[in-house]
Every structure is written in structure tokens, then in C-alpha cells.
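Colleague:
Numbering (the numbering used here), first residue to last: 18 to 194.
Structural data, given as C-alpha cells:
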């Protein structure tokens with residue numbers, strides 16, 4: 018697996034415009050993902066220390082990193098997708114000429130958008146049903162956990178739509194270097 022060369026998103030429109038707002042939203046997503054990762058690490062560390070001490074003082078502590086991991090994937094995945102720092106398998110695609118390469122990339126992005134739209138649709142059933150359940154240790158309503166699915170899917174779709182539009186624009190108006 019290889020990560021593509023990181024390109025900063027085209028959000029610099031010379032003023033305070035839509036691109037800067039989107040960049041800000043995804044920067045916040047990255048910060049939230051970092052905070053979640055820190056909380057997860059602290060919870061795991063604390064859980065190990067509690068077990069090492071032979072205590073059961075924190076009931077449900079093992080649920081914290083499990084449930085936060087779902088939110089980490091939602092926010093971290095969205096931030097990585099926006100900055101084009103997500104992992105891709107592109108060895109064979111990169112060997113194609115410009116136009117077929119763009120067509121394959123558009124097809125892949127559209128397929129991924131379809132998958133995330135399907136996840137959004139499924140979450141209309143999943144999240145309300147999860148509200149009827151609570152976690153055994155923390156007694157947390159599970160809709161708070163499962164809400165990461167539609168939030169993450171919606172956040173990840175936004176940069177994928179941008180990618181499709183940029184690829185289509187590159188096919189229609191190729192840049193001559």
C-alpha cells in the first residue's frame with residue numbers, strides 16, 4: 018500500500034470563502050481525531066494499570082476505547098480523505114495513460130460515494146434502533162456510538178465529491194505543463 022503524494026486541498030480562494038470553511042471543518046475533524054486517540058490511549062493505559070493492581074474500580078473502562086475507535090475512524094478518515102493522505106492501492110492505475118487513469122479514478126470515487134451513501138441509508142435504521150440499547154459497563158445509549166456511521170459517511174463523501182469534480186475538470190480542461 019502506498020499513500021499518494023499529499024496535495025493540500027484547493028481551499029485558498031483569496032479570501033474567506035467556502036474553500037476555507039471546508040478546510041477549517043476538516044482541520045477541526047483532524048484535531049478531534051487526535052483528541053479521541055489521546056483519550057483512547059489514556060483509557061487503555063488506565064485499564065492496564067487497574068488490572069495490574071488487581072482492582073475492578075472502573076466498570077466499563079474497556080468500553081471507552083472500543084466506542085471511541087468508531088468515532089476516530091469517522092473523524093480521522095474524513096480529515097485524511099480531505100488532505101488526500103488516505104491509503105490507496107494505485108500501482109497499476111498510475112501506470113495508465115492520463116485519460117484512462119482519470120476514468121478509473123472517477124469510477125473508484127463514484128463507487129466509494131455509492132458505498133457511503135448506502136451506509137447513510139442504513140444508518141437511518143441503525144441509529145434509532147441503537148437508541149433502544151445501552152452498553153453493559155457504562156450504560157451509555159448506543160445511538161451515541163452508532164451515530165459515528167452517518168457522521169463519518171457524510172464527512173467522507175464531501176472530499177470524494179470534490180475529487181470527482183476535479184478529475185472531471187481535468188478531463189475536460191487538461192492542464193498543459
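Backbone N, C-alpha and C fix where the C-beta goes; we use that ideal spot for every residue, glycine too. These figures come from a predicted structure and were not determined experimentally.
1. Take residue 52 as the anchor and find which of 79, 85, 71 has the nearest alpha-carbon.
2. Taking the alpha helix (DSSP H) that residue 71 falls in, what are its first and last residues?
3. Since residue 129 is in the alpha helix (DSSP H), which residue starts that stretch and which ends it?
4. Could you pull the start and end residues of the alpha helix (DSSP H) that residue 107 belongs to?
5. Count the other CB atoms, across all protein chains shown, that sit within 10 Å of the CB of residue 179; report buried if there are 16 or more and exposed otherwise.
6. Looking at the structure shown, is residue 179 part of a helix, part of a strand, or coil, going by DSSP?
7. Would you report the Cα separation of residue 124 and residue 117, rounded to the nearest angstrom?
8. Buried or exposed for residue 174, going by 16 or more other Cβ atoms inside 10 Å?
9. Return the CA-CA distance between residue 223 and residue 189, expressed in angstroms with no decimal places.
10. Alpha carbon to alpha carbon, how far is residue 35 from residue 133?
11. With which residues is residue 158 paired in a DSSP beta bridge?
12. If I measure Cβ to Cβ from residue 18 and keep anything under 8 Å in the same chain, skipping five residues before and after, which residues do I get?
13. What did DSSP end up calling residue 190 once you bin it into helix, strand or coil?
14. Considering only C-alpha positions, which residue in the set 191, 186, 192, 171 is nearest to residue 98?
15. Starting from residue 83 and walking both ways along the alpha helix (DSSP H), at which residues does that stretch end?
16. Do residue 50 and residue 92 have their C-beta atoms closer together than 7 Å?
17. Within a Cβ cutoff of 8 Å, which residues of the same chain sit near residue 177, ignoring the five residues on either side of it in sequence?
18. Is it buried or exposed for residue 140, if we count other Cβ within 10 angstroms and need 16 for buried?
19. Near residue 46, which residues of its chain fall below 6 Å by C-beta distance, leaving aside the five closest residues on each side in sequence?
Modeller: Taking the structure as given:
1. 85
2. Segment: none, residue 71 is in no alpha helix (DSSP H) and carries neither H nor E.
3. Per DSSP, residue 129 belongs to the alpha helix (DSSP H) from 115-147.
4. Looking at the DSSP string, residue 107 is not in any alpha helix (DSSP H), and its letter there is neither H nor E.
5. buried
6. The answer is helix: DSSP assigns residue 179 an H, G or I state.
7. Residue 124 and residue 117: Cα-Cα distance of roughly 10 Å.
8. The residue in question, residue 174, is buried, as its Cβ has 16 or more Cβ neighbours within 10 Å.
9. Because the chain here runs from 18 to 194, residue 223 falls outside it and cannot be looked at.
10. 23 Å
11. According to DSSP, residue 158 bridges with 151.
12. Residue placement at residue 18 is flagged as unreliable, the pLDDT there being 46, under the threshold of 50; the coordinate-derived value follows with that caveat. 104, 105, 106.
13. In this structure, residue 190 counts as coil in the three-state DSSP scheme.
14. 171
15. 80-99
16. yes
17. 98, 126, 129, 130, 133
18. buried
19. 92, 95, 96
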